[in-house]
Each structure stands twice: as C-alpha cells, then as structure tokens.
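Note that this note's numbering has the sequence shown beginning at 652, numbered continuously upward.
Heads up, the beta-carbon is just placed ideally off N, CA and C, and yes, glycines get one too.
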Amino acid sequence: MTPIIVLLLIIVFIVFMVLYKRPVKTGALPNGYHDLLLQHVAFYRNLDEAGKLRFENKLKELLGYIRIHGVKTEVTDLDRLLIAASGVIPIFGFPEWKYYNLRDILLYPAAFNEIDFSNKGDADILGMVGNGTMQRMMILSKPALHQGFDSASGKTNTGIHEFVHLLDKEDGDVDGLPEALLEKQYTVPWLNLIAEEISAIKQGNSDINVYGAKNKAEFFAVAAEYFFEQPELFKKNHAALYDLMAQVFLTGNRI
C-alpha cells in the first residue's frame with residue numbers, strides 16, 4: 652500500500668469519526684409533555700426521576716433527527732410523543748444509539764394496504780418499515796399507535812414493533828438476528844431459542860402473539876412488544892428468552 656493511499660485512508664477515517672461524533676440536533680417537547688407521558692407511557696411512569704430525565708432527553712434527541720408527517724390526519728403533540736417513546740423504549744439502555752436508518756415517519760389515519768397504502772381493499776397493515784424507494788421511512792396507523800399505549804392493550808405495541816424491526820435492520824437484514832446487539836457466540840443459542848418458541852406458538856403452547864410464528868423477524872418484534880409491555884408476565888412465562896433480551900435491551904451491552 653503506497654503512502655498516498657495510506658494518507659487518504661487516514662483522512663477518510665478522520666472525516667468519518669468527526670461526522671459520526673457530531674452533536675445531534677435535539678427537538679422540542681410539547682407543553683405538558685410530562686403529564687402526557689405519565690398518563691400514556693407506562694415505561695416512563697415506572698422510571699425513577701433520573702431515568703425519566705434521561706428518557707426525556709432521548710425523546711428530544713430522536714425528535715431532532717426524524718420528521719413526522721400526517722397523511723390525511725393531523726399530527727398532535729401526543730402523536731409525536733408516542734412515536735418518539737416507541738423509538739426510545741427499545742434503545743433506552745443504549746446511551747449512544749441512533750436510528751441512522753430512519754428519516755421520515757408517515758402517520759396514517761387508519762390501517763392501510765400494501766399495494767397503494769390506502770384504506771381500500773385488504774387494509775389490515777398497522778405499521779411497516781420501508782424498503783427500496785421508501786428506504787429510511789416508517790408508516791404507522793394512528794389508531795394502532797395509540798392503542799399500543801393503552802393500558803388495556805396487553806402485550807402488543809405497534810410503534811415498538813416497527814422500531815424493533817429497525818434495530819434488526821441495522822446489520823442490513825430484517826431477519827430476527829440482531830447482529831448489532833448480539834455477540835457472535837450467542838447467535839446460535841438465540842436462533843435455537845427462537846425456533847423452540849415459534850414451534851410452541853404453532854402447537855398452541857405459547858402466549859406470544861401468533862403473528863410471531865410467521866418468521867424469525869416477526870417473532871423478534873412481537874417478543875419485544877411483550878417484553879416491554881408486560882415484563883413481569885414475560886419473565887414468568889419465558890424466563891430464558893427474558894434473560895437474553897434483558898441483557899440486550901436493559902443493560903445496553905452486547906452479550
């Protein structure tokens with residue numbers, strides 16, 4: 652390798668590090684955000700005061716680099732808070748994590764179909780992460796977003812589900828194997844555990860959402876919903892899976 656090439660590589664590395672470490676612009680939280688979060692976001696409500704402050708700062712950070720657009724619906728202050736909370740909850744244990752693979756979120760007034768994203772025909776999609784021409788984009792159904800934070804929603808949360816897909820996508824593939832979160836020696840045990848759980852769902856021996864049996868990616872997303880929405884019940888019913896996910900999501904460490 653010639654000295655010129657080495658010098659160019661060093662310059663590229665320095666530029667990358669400067670850009671990667673540059674401060675992220677923060678967004679503003681709406682008036683009354685504290686009461687809204689206490690009322691609607693159980694994860695926030697259960698944090699101590701230091702945790703609440705850190706959660707609020709991560710909300711501001713996330714709102715600083717994503718744009719939320721209403722499609723035939725108004726984006727309210729509560730909508731913005733719930734969308735941001737959906738993104739912060741899965742990465743709360745990761746101080747430096749940012750969704751570099753997300754730029755725009757489209758909020759729809761209802762469920763939509765996969766053909767033209769309208770509410771015509773088989774409009775049963777509540778949320779999705781974009782690919783191809785829709786790269787770095789997410790679509791969410793407004794009613795589904797709010798229902799996920801309803802205390803009666805049980806083990807489901809559409810917003811968290813879609814943001815977990817983004818975490819899964821960080822390594823390039825939405826495949827249920829979050830390589831950015833797992834050390835290589837744990838990938839086989841992780842996949843084996845997922846296979847066992849999917850088999851249990853198919854046999855009717857699991858309380859995890861049946862949608863998780865569709866594939867490994869959907870299993871990871873619905874298991875994460877359950878993990879964050881009903882952690883004690885999840886721990887009781889799925890101890891091994893809970894322990895593995897807790898080390899990832901709650902400590903911010905690659906295990």
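- By the beta-carbon neighbour count (other beta carbons within 10 angstroms, threshold 16), residue 889 is buried.
- If you check the CB distance, residue 753 and residue 787 come in under 8 Å.
- Counting only residues of its own chain and dropping the five nearest sequence neighbours on each side, residue 876 has a CB closer than 7 Å to the CB of 806, 807, 808, 811 and 812.
- Pairing residue 797 with residue 844, the inter-Cα distance amounts to about 31 Å.
- For residue 882 and residue 892, the gap between their C-alpha atoms comes out near 11 Å.
- When only Cα atoms are considered, residue 771 and residue 894 end up about 42 Å apart.
- In the three-state scheme derived from DSSP, where H, G and I count as helix and E and B as strand, residue 726 is classed as coil.
- With fewer than 16 other Cβ atoms from the protein chains shown falling within 10 Å of its own Cβ, residue 751 counts as exposed.
- Three or more Cβ pairs drawn from the segment 729–746 and the segment 708–720 lie within less than 8 Å of each other, which places the two stretches in contact.
- Excluding the 5 residues flanking it on each side, residue 775 has same chain C-beta neighbours closer than 8 Å at 762 and 764, in chain order.
- Apart from sequence neighbours up to five positions away, the residues of its chain that approach residue 857 with a beta-carbon distance below 7 Å are 848 and 851, ordered along the chain.
- When DSSP states are grouped into helix, strand and coil, residue 750 belongs to the coil group.
- Short of 6 Å from the beta carbon of residue 782, and not among the five residues preceding or following it, lies no beta carbon of its own chain.
- Rounded to the nearest whole angstrom, the C-alpha separation of residue 859 and residue 719 is 30 Å.
- In this structure, residue 681 sits away from residue 757, with a CB-CB distance that is not shorter than 8 Å.
- Rounded to whole angstroms, the gap between the alpha carbons of residue 688 and residue 839 is 38 Å.
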